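Everything on this sheet refers to the single structure shown next.
In full-length UniProt numbering, the protein residues as written are 1 to 372.
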């Protein structure tokens with residue numbers, strides 16, 4: 001009997017988890033991307049742009065692919081859904097929903113100005129669109145990028161004018177979005193939806209580098225120390241309202257949320273697993289495996305329980321980070337006390353620029369400590 005064939009869009013560190021799951025499940029694994037290789041995790045690698053829905057669809061049709069999916073990539077999700085729709089393959093959300101979440105101004109428009117937890121915004125396509133914006137401080141970011149690329153803070157009109165061209169340079173479409181700055185601690189929320197019902201929600205603290213713009217991630221902590229019982233209930237309410245407004249009926253949904261004095265404010269939402277390996281942190285904490293659940297759900301297999309086991313000690317997922325252009329330090333490879341560690345580079349390799357400030361070279365999961 002021939003193996004089922006799966007095509008994973010993207011071959012970065014975030015997609016490695018999906019590639020491993022499919023390989024270990026005995027599937028014939030195909031992977032595509034513009035750069036790099038499949039890290040030895042795929043049976044076939046093809047150099048295709050994950051944004052090129054027509055090319056991905058044609059490849060999947062020609063190779064008789066049974067599943068097209070991605071994790072950790074906003075730009076890949078519209079393509080995965082579009083190809084799956086055209087070929088009649090299983091998928092969680094429509095290409096329209098995936099596109100709405102990926103293009104930040106479409107998300108703000110879909111939620112609407114009266115949606116509690118939405119932020120005021122403006123789409124900017126030229127310098128003329130900057131005139132008249134009066135909400136400061138504000139966030140300036142590409143409307144259709146990912147990975148904290150091209151994200152800046154502007155305290156006033158002069159900084160806004162200066163930030164705009166730099167942010168625009170990171171947008172494939174040349175579009176930038178300005179948003180009101182939401183003030184408060186940040187959390188992540190990993191949700192799972194089955195038949196329109198929120199069946200799982202785990203809130204974790206999202207710890208960022210304060211010295212860099214854009215919310216560049218440093219670590220995640222579980223359970224959240226920032227979201228107490230009443231705040232956690234408000235976060236759940238926001239999650240449920242966003243899912244309902246967008247029409248997400250099944251699958252994983254990842255949220256970035258600021259806990260403001262006025263209540264939780266939505267920073268981003270995407271209908272996929274996050275790119276920070278939080279499924280592994282969640283599994284270590286309460287036993288629920290969202291990665292396994294996602295692929296079993298897509299493949300029509302019996303679903304494991306999403307009920308959490310009682311959480312144990314506080315854990316932290318800490319990223320090992322270095323500036324771009326520097327050689328990967330050997331200290332990242334030294335033995336230590338941790339539950340899991342994964343490195344994206346070999347010792348001495350040059351760190352590639354992504355956000356341009358502080359790049360991930362690997363991560364580890366360990367019990368939380370004051371210095372974590």
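Just so you know, even glycine gets a beta-carbon here, dropped at the ideal spot from N, CA and C.
Just so it is clear, the structure is predicted and the values come from calculations on it, not from any experiment.
Please report the distance separating the alpha-carbon of residue 28 from that of residue 61. In a straight line, the C-alpha of residue 28 is about 15 angstroms away from that of residue 61.
Would residue 364 pass as a contact of residue 340 if the rule is Cβ separation under 9 angstroms? It is a contact, given that the beta carbons lie within the stated cut-off.
Looking at C-alpha atoms only, which residue of 366, 121, 73, 262 is the closest neighbour of residue 315? With distances taken between Cα atoms, residue 315 lies closest to 366.
Over what stretch of residues does the alpha helix (DSSP H) that includes residue 251 continue unbroken? If you look at residue 251, you'll find it isn't in any alpha helix (DSSP H); it sits in the beta strand (DSSP E) that goes 251 to 260.
Quick one: using the 10 Å Cβ neighbour count with 16 as the cut-off for buried, is residue 301 buried or exposed? The residue in question, residue 301, is exposed, as its Cβ has fewer than 16 Cβ neighbours within 10 Å.
Do the segment 233 to 245 and the segment 159 to 167 meet, that is, are 3 or more Cβ pairs less than 8 angstroms apart? Between the segment 233 to 245 and the segment 159 to 167, the count of Cβ pairs shorter than 8 angstroms is below three; the stretches do not touch.
Run through DSSP, which three-state label would residue 202 get? Strand at residue 202.
Give the secondary structure of residue 361 by DSSP, where H, G and I count as helix, E and B as strand, and everything else as coil. It is a strand residue.
Residue 127 versus residue 344: straight-line alpha-carbon distance, rounded: Linking residue 127 to residue 344 through their CA atoms gives a straight-line distance of about 39 angstroms.
Taking residue 257 as the reference, which of 186, 116, 40 has the closest Cα? It is 186 whose Cα lies nearest to the Cα of residue 257.
For residue 204, count the other beta carbons within 10 Å of its own beta carbon; 16 or more makes it buried, fewer makes it exposed. Which is it? Buried, because 16 or more other Cβ atoms sit within 10 Å of the Cβ of residue 204.
Looking at residue 250: is its Cβ nearer than 9 angstroms to the Cβ of residue 195? Cβ atoms of residue 250 and residue 195: closer than 9 angstroms.
Note down the Cα distance separating residue 39 from residue 192, rounded to an integer number of angstroms. In this structure, the alpha-carbon of residue 39 lies about 29 angstroms from that of residue 192.
Can you have a look at residue 34 and say buried or exposed, based on whether 16 or more other CB atoms are within 10 angstroms of its CB? Around the beta-carbon of residue 34, fewer than 16 other beta-carbon atoms lie within 10 Å, marking it exposed.
Is residue 273 near residue 254, with beta carbons less than 9 angstroms apart? Taking the C-beta atoms as reference points, residue 254 is found nearer than 9 angstroms to residue 273.
Residue range of the unbroken beta strand (DSSP E) whose run includes residue 188: Residues 186 to 194.
Helix, strand or coil: how does DSSP classify residue 17 here? Looking at residue 17 - three-state DSSP - the assignment turns out to be helix.
How many angstroms separate the CA atom of residue 355 from the CA atom of residue 107? About 22 angstroms.
Please report the residue range of the beta strand (DSSP E) in which residue 263 lies. It spans 263 to 270 - the beta strand (DSSP E) in which residue 263 sits, taken as one unbroken run.
Which partner residues of residue 7 appear in the DSSP bridge assignment? Paired residue(s): 30, 68.
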